[in-house]
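Input: a single structure, listed below in structure tokens.
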Amino acid sequence: MDRLDRSIIDALASHSKFDGALVGTLKVEDSVTALVRVRNPLQMCLLERGFDVVCSYPFIRSVGIRCGLKEAIRLERMQEVEYVSAQGRALALDVPAEDTNMGYAQALSAPVGLDGNGVNLCVMDTGVSPHSDLSIPRERIVHFVDMIGGQEQPYDDNGHGTFVAGVAAGNGTLSGGKIAGIAPRANIVGLKVIASSGESGTFKILDGMQWLFDNFRQYNIRVVCMSFGAQPLNYADPLKLGADMLVRSGLIVVAASGNSGENALKSPAISDEVIAVGAADAQDRVAPFTSRGAYNGVARPDVYADGVNVRGVAAGGTYSFMTGTSAAAPYVAGACCLLCQKYKNITPVQAKAAIFSSCKVVDGKRIFRL
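This is the structure in structure tokens:
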């Protein structure tokens, strides 16, 4: 890259349309995959006709394109373009075992009279593997969509998503009822958006969100659990925008806040509209690893739930332990399934308020515990 090109890229960095990470990548790469958001959905066709489009997300009026220096210059000049960002990286949110010496917690059984029966929960994660606690006495993985490998049958090549599903909806069959989730008769829609490594790109997450936006009514999905997180953008964060649109469409979205400690909230938990969940231990102490802080002046996470040494189902058909906000989020998602069972027409705003009102306040933090 010559000096003139670098000068142009430096000029782009000063323009509010461009994410700094994208500009930095353009300095070392001839072409990157960029997400472009337009001001009006009807303007998406301009990008689709004039650029090398690799994916499209109408629900947040954005497209993914192949973007080099020439394309960046064109985008900078287009009044229709609101923001251009690089593809980020999302991670499943569990933490190493050596960081979990804070006591022990276990997913609890549902309150008497409520079990999630008839409610469909979507687990956006590494997949969901059939397990005794999810598939006996009846198969409760009622649908599966694979954005990573395109397979049709449920599987989980990491184990994270299966654990998350078990905390929310395991029925304890294998353990004789000793290790059960919050909504043990809820149905599971598995949406695989994270690879076996526990990592994913923003576009794969958005693929899953777009599918949800288009199909949640057909599959009667009421609650979505997102136990993953990405570094948020300062403006037009795509995962936040996606989560916002899902909530506004009627879905109750529960998101893990992240495992990076103070002032390191992850997206989509930065959204005002989701229920952002941090981790607490069995003694109601906030786990030090929990991402917490403020985003746009609002303190998050919204609530804290069991997320330290939680015992739950393993993809291999046994049980295992997990620590992280990944384990806390499905605890709250399961409770939201119970709310949907009890109140058939409950809205996301009402569900969030109900979760808040059920919390106890410890040292200024809302601790949610059934």
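Going by our numbering, the first residue of the sequence shown is number 14, and it counts up by one from there.
Think of the CB as a built atom: it goes at the ideal place given N, C-alpha and C, for glycine as much as any other residue.
These numbers were taken from a predicted model, which means no experiment stands behind them.
- Listed in chain order, the non-local C-beta contacts of K191 below 7 Å within the same chain comprise G185, local neighbours out to five positions each way being set aside.
- Under the three-state reduction of DSSP output, D138 falls in the strand class.
- With a threshold of 16 other beta carbon atoms within 10 Å, E84 meets it and is buried.
- Using a 10 angstroms sphere on the CB of T139, the tally of other CB atoms reaches 16 or more, which defines it as buried.
- Rounded to whole angstroms, the separation of the alpha carbons of I201 and L278 is 27 Å.
- Taking 9 Å as the cut-off, the beta carbon of D250 is found closer than this to the beta carbon of I283.
- Note that the C-beta distance between V290 and A328 is not below 9 Å.
- Given a length threshold of 3 residues, each whole run of the beta strand (DSSP E) inside the stretch 63-109 is given here in chain order: 66-70, 75-80, 94-99 and 102-105.
- One alpha carbon belongs to A292, the other to A300, and they sit about 6 Å apart.
- Note that the stretch 155-168 does not touch the stretch 310-321; fewer than 3 beta-carbon pairs, one per stretch, sit closer than 8 Å.
- Shown here, K373 sits in a strand according to DSSP, grouped into three states.
- At a Cβ-Cβ threshold of 9 Å, I195 and A178 do not count as neighbours.
- The alpha-carbon of K373 is positioned some 43 Å away from that of V51.
- Q223 sits buried, since 16 or more C-beta atoms from the chains shown fall within 10 Å of its C-beta.
- Counting every other CB atom within 10 Å of its CB across the protein chains shown gives E165 a total below 16, marking it as exposed.
- Straight through space, the alpha carbons of G203 and K217 are spaced by roughly 14 Å.
- In this model, T338 and F176 are separated by some 12 Å (Cα to Cα).
- DSSP, reduced to helix, strand and coil, places L225 within a helical segment of the structure shown.
- Considering only F334, A243, S370 and A348, the residue with the shortest C-alpha distance to N272 is A243.
- Of all alpha-carbon atoms in V94, L82 and D146, the one lying nearest the alpha-carbon of L35 is that of L82.
- For the pair of segments examined, the stretch 342-360 was found to touch the stretch 231-239: the number of CB pairs separated by less than 8 Å reaches three.
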